[in-house]
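What follows is a single structure, written as structure tokens, with notes after it.
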Amino acid sequence: MILTNIETVPGKTIVEHFGLVSGNTIRARHLGVDILAKLKNLIGGELRGYTKLLQDSRKEATERMTAQAEQLGANAIVNIRFATSSIAGGAAELYAYGTAVRVE
Amino acid sequence: MKYTPRLPETNVNVSPGSPIKDLLLMLAAASAIVVGIYVALGFAVDKIAPHISYETELAIGGFLGKHPILKNASPAPEAIQKLAETIRTRSTDIPFPVTISIREDPQVNAFAVPGGQIVLTTGILDAIESENELAFILGHELGHIAHRDHLRGMGRGLVLLTLSSLVLDAGDSIGGSLGNMVVLTELTFTRRQETLADEAGQDALMSVFGHITGAEQVFSHFAKRAETNYLTRFALSHPETQSRIQHLRNRAKVEGFPAGPLTPLNPEPQLSV
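Just so you know, the protein sequences line up as chains A and P, in that order.
Position one of the first sequence corresponds to residue 1 (the UniProt record's numbering), numbered consecutively onward.
Position one of the second sequence corresponds to residue 1 (the UniProt record's numbering), numbered consecutively onward.
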């Protein structure tokens with residue numbers, strides 16, 4: 001599966017497109033990370049626990065988007081975008097979307 | 001380019017799983033965490049409480065004094081205050097003076113707050129018939145203060161509140177919630193703490209009257225109160241009260257504490273010694 005955030009796959013021709021595919025996930029870390037993050041607010045710095053949270057979410061959302069594209073018979077997703085939003089305190093939504101295509 | 005609009009066969013964005021199973025798992029995990037924290041705090045607070053300085057305790061007491069339960073209580077008559085001070089100086093090593101307040105409340109109850117404030121309800125004052133019973137109650141509460149039992153109870157509550165406000169973004173500030181600690185200090189103590197406080201009450205009787213009569217009468221008032229309420233009657237059917245009385249009897253025998261006459265409490269307590 002080729003994943004790209006430009007509209008084409010350089011060196012290949014898009015022969016068929018299947019429309020929008022998307023993957024999303026809403027994740028939270030555990031209590032310990034939340035407590036550490038609150039304490040980190042006092043001194044500042046990177047909230048490493050939340051960095052990992054978003055990293056994991058992006059990975060999961062991308063995998064889900066890819067799974068959807070595979071079901072449709074695509075071998076590439078072009079024009080991929082990510083969006084994020086805060087759903088609840090300590091939880092984040094990651095939404096990945098793109099256009100499923102078949103390239104040759 | 002050919003356009004082939006299709007829908008995926010399954011929705012990969014909806015995770016499979018049973019919500020009920022998830023709920024049960026989460027409840028189990030949350031309970032385990034809460035119990036774990038509480039037990040750990042219990043150990044930590046038990047270690048820390050005895051080392052809290054009396055100055056700090058007085059400062060905490062001053063802060064708690066703003067709570068409505070204490071604010072609305074009126075100062076006790078001079079004689080009760082004197083009785084408490086006598087007990088404090090004769091049978092405890094509490095280094096600061098205690099203040100006795102009276103709260104308009106029909107319940108038979110008495111409790112102490114860190115910093116040396118003891119609150120008696122009008123209910124308990126109406127129930128007791130002798131100065132000896134009053135001395136036992138004051139001695140019992142002074143025992144809790146001397147053993148730092150309230151600081152232990154408060155410490156747990158304080159850390160739990162801090163944790164919950166950190167995690168749950170509680171709207172109330174920790175400072176605001178602190179006032180509610182007074183209510184928490186009314187929580188039940190462990191059997192061991194109650195037994196030690198009872199012994200302090202017995203010591204108080206010895207130091208003021210030279211005998212220990214009066215303690216058992218106090219327990220009878222609590223038993224009377226229970227007759228009116230099924231739930232408390234159920235709770236009291238437990239041998240707890242009987243075993244506390246028995247413990248005091250055994251201790252009196254071992255220590256050779258004598259029995260004696262009750263000093264009437266009429267119309268106001270008169271300090272007999």
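Glycine included, every Cβ here is placed at the ideal spot set by N, Cα and C.
Computed from a predicted structure; not experimentally measured.
Query raised in the report: Is the region 242–254 of chain P in contact with the region 190–204 of chain P, if contact means three or more CB pairs nearer than 8 angstroms?
Result: yes
**Report entry** Which residues DSSP lists as bridging A:His17, in chain order
**Finding:** The residue given as residue 17 of chain A occupies position 17 in the first sequence. A:Val101 and P:Tyr3, per the DSSP bridge assignment.
Query raised in the report: Taking DSSP as the reference, what is the three-state secondary structure of P:Asp172?
Result: Taking the first residue of the second sequence as 1, we reach residue 172 of chain P at position 172. Confidence is the limiting factor: at P:Asp172 the pLDDT is only 48, short of 50, which leaves the residue's position unreliable, though a coordinate-based value still follows. Coil, per DSSP.
Requested in this report: At 7 angstroms on the CB atoms, spell out the chain P contacts of A:Ala67, in chain order.
Outcome: Taking the first sequence and counting its residues from 1, one reaches residue 67 of chain A at position 67. The answer, in chain order, is Val12.
Requested in this report: At 8 angstroms on the CB atoms, spell out the chain A contacts of P:Arg148, in chain order.
Outcome: Position 148 of the second sequence, counted from the first residue, corresponds to residue 148 of chain P. What P:Arg148 touches in chain A: nothing, since even the nearest Cβ is about 28 angstroms away.
Query raised in the report: Just checking my contact of A:Leu53 with A:Arg27 at CB under 8 angstroms: how many whole Å lie between their CB atoms?
Result: Indexing the first sequence from 1 puts residue 53 of chain A at position 53. Indexing the first sequence from 1 puts residue 27 of chain A at position 27. Indeed, because the Cβ distance is near 6 angstroms, the residues count as touching under 8 angstroms.
Requested in this report: Helix, strand or coil for A:Ile77, going by three-state DSSP, please let me know.
Outcome: Locating residue 77 of chain A in the first sequence gives position 77, where the first residue counts as 1. Here A:Ile77 sits in strand by DSSP.
Requested in this report: Please say whether P:Lys2 and A:Glu16 have beta carbons closer to each other than 9 angstroms?
Outcome: Counting from 1 along the first sequence, the entry for residue 16 of chain A is found at position 16. Counting from 1 along the second sequence, the entry for residue 2 of chain P is found at position 2. Cβ atoms of A:Glu16 and P:Lys2: closer than 9 angstroms.
Requested in this report: Please name the residue or residues paired with A:Asn24 in a DSSP beta bridge.
Outcome: Here residue 24 of chain A refers to the residue found at position 24 of the first sequence. A:Tyr95, per the DSSP bridge assignment.
Query raised in the report: Any contact of the region 7–19 of chain P with the region 58–75 of chain A, i.e. 3+ C-beta pairs under 8 angstroms?
Result: yes
Query - chain P contact for A:Ser22 (CB, 9 angstroms cutoff) - result: In the first sequence, residue 22 of chain A corresponds to position 22, counting from 1. Interface residue, yes.
**Report entry** Assigned exposure category for A:Gln55 - 16 Cβ within 10 Å defines buried
**Finding:** Sequence index remark: in the first sequence, residue 55 of chain A carries index 55 (1-based). With fewer than 16 other Cβ atoms within 10 Å, it is exposed.
Query raised in the report: Quick one: does P:Lys21 have its CB under 9 angstroms from some CB of chain A?
Result: Here the question's residue 21 of chain P lines up with position 21 in the second sequence. By this cut-off, P:Lys21 is not an interface position.
Report task. Could you work out which residues of chain A lie near P:Met1, taking near to mean beta carbons separated by less than 9 angstroms? Result -> Counting from 1 along the second sequence, the entry for residue 1 of chain P is found at position 1. Those within 9 angstroms of P:Met1 in chain A are Thr13, Ile14, Val15, Glu16, His17 and Val101.
Requested in this report: Could you tell me the distance, in whole angstroms, from the CA atom of A:Val78 to the CA atom of A:Arg29?
Outcome: Position 78 of the first sequence, counting from 1, holds the residue named residue 78 of chain A. Position 29 of the first sequence, counting from 1, holds the residue named residue 29 of chain A. Distance between the alpha carbons of A:Val78 and A:Arg29 is about 31 angstroms.
Query raised in the report: For a contact meaning CB atoms closer than 7 angstroms, what does P:Pro16 contact in chain A?
Result: For the purposes of this step, residue 16 of chain P is identified with residue 16 of the second sequence, where counting begins at 1. None at all; the shortest Cβ gap to chain A is about 13 angstroms.
Query raised in the report: Identify the residues that DSSP records as bridge partners of P:Leu120: which are they?
Result: For the purposes of this step, residue 120 of chain P is taken as the residue at position 120 of the second sequence. Partner(s): P:Ile102 and P:Ala110.
Query raised in the report: Name the residues in the region 60–91 of chain A whose C-beta lies less than 7 angstroms from a C-beta of chain P; which are they?
Result: Arg64, Ala67, Gln68, Gln71, Leu72 and Gly89
Query raised in the report: Is A:Ala37 helix, strand or coil by DSSP?
Result: Along the first sequence, one-based indexing puts residue 37 of chain A at 37. DSSP places A:Ala37 in helix when its eight states are reduced to three.
Query raised in the report: Does the Cβ of A:Ser57 have 16 or more other Cβ atoms within 10 Å, making it buried, or fewer, making it exposed?
Result: As a working mapping, residue 57 of chain A is identified with position 57 in the first sequence. Buried, since its Cβ has 16 or more Cβ neighbours within 10 Å.
Report task. Can you say whether P:Thr99 is buried or exposed, counting buried as having 16 or more other CB atoms within 10 angstroms of its CB? Result -> To locate residue 99 of chain P, count along the second sequence from 1; it is residue 99. Flag for P:Thr99 reads buried.
Query - Of the listed residues P:Ile37, P:Gln217 and P:Gly65, nearest to P:Gln202 (C-alpha basis) - result: Residue numbering aside, residue 202 of chain P sits at position 202 when the second sequence is read from its first letter. For P:Gln202, the nearest C-alpha among the options comes from P:Gln217.
Query - Member of P:Thr122, P:Thr4, P:Ala204 and P:Ser130 whose CA lies at the smallest distance from the CA of P:Leu142 - result: In the second sequence, the residue the question calls residue 142 of chain P occupies position 142. The option with the nearest alpha carbon to P:Leu142 is P:Ala204.
Report task. List the endpoints of the continuous alpha helix (DSSP H) containing P:Leu70. Result -> Here residue 70 of chain P refers to the residue found at position 70 of the second sequence. Pro68 to Lys71 is the span of the alpha helix (DSSP H), which, as asked, contains P:Leu70.
Query - Alpha carbon of P:Lys253 to alpha carbon of P:Ile212, nearest angstrom - result: Within the second sequence, residue 253 of chain P is the residue found at index 253, counting from 1. Within the second sequence, residue 212 of chain P is the residue found at index 212, counting from 1. C-alpha separation (whole angstroms): 11 angstroms.
Query raised in the report: On the three-state DSSP scale, how would you describe A:Ile2?
Result: Taking the first sequence and counting its residues from 1, the one referred to as residue 2 of chain A is at position 2. Three-state result, A:Ile2: strand.
**Report entry** CA-to-CA distance, A:Lys38 to A:Gly49, given in whole angstroms
**Finding:** What you label residue 49 of chain A is simply residue 49 of the first sequence in a count that begins at 1. What you label residue 38 of chain A is simply residue 38 of the first sequence in a count that begins at 1. Cα to Cα, the separation comes out at about 11 angstroms.
**Report entry** Selected residue, minimal CA-CA separation from P:Ser220, among P:Ser207, P:Gln242 and P:Ala200
**Finding:** Numbered from 1 along the second sequence, position 220 holds the residue referred to as residue 220 of chain P. P:Ser220 has its Cα closest to that of P:Gln242, out of P:Ser207, P:Gln242 and P:Ala200.
Query raised in the report: Going by other Cβ atoms of all chains shown within 10 Å of its Cβ, with 16 needed for buried, is residue 274 of chain P buried or exposed?
Result: Nothing can be reported for residue 274 of chain P, as the shown portion of chain P is limited to 1 through 273.
Report task. Indicate the three-state DSSP secondary structure (helix, strand or coil) for P:Ala40 in the structure shown. Result -> Your numbering for residue 40 of chain P matches position 40 in the second sequence. Helix at P:Ala40.
Report task. Along the alpha helix (DSSP H) that carries A:Arg64, what are the first and last residues, could you check? Result -> Residue numbering aside, residue 64 of chain A sits at position 64 when the first sequence is read from its first letter. Residues Arg48 to Leu72.
Query raised in the report: Taking the alpha-carbon positions, what's the A:Leu34 to A:Ala100 distance?
Result: By one-based count along the first sequence, residue 34 of chain A stands at place 34. By one-based count along the first sequence, residue 100 of chain A stands at place 100. It is worth fixing the name first, because residue 34 of chain A is Asp in this sequence and not Leu. Going by the C-alpha atoms only, they are around 37 angstroms apart.
Query raised in the report: Any heavy atom of the ligand ADP within a distance shorter than 8 angstroms of the CB on P:Leu205?
Result: As far as ligands go, the structure on display features none, and thus does not contain the ligand ADP.
Query raised in the report: Taking only beta-carbon atoms, is P:Pro106 less than 9 angstroms away from chain A?
Result: The residue you call residue 106 of chain P lines up with position 106 of the second sequence. It does not; no Cβ of chain A falls within 9 angstroms.
Report task. Please compile the residues from chain A whose C-beta is within a distance smaller than 7 angstroms of the C-beta of P:Glu9. Result -> The count along the second sequence starts at 1 and reaches residue 9 of chain P at position 9. The contacting residues are Gln71.
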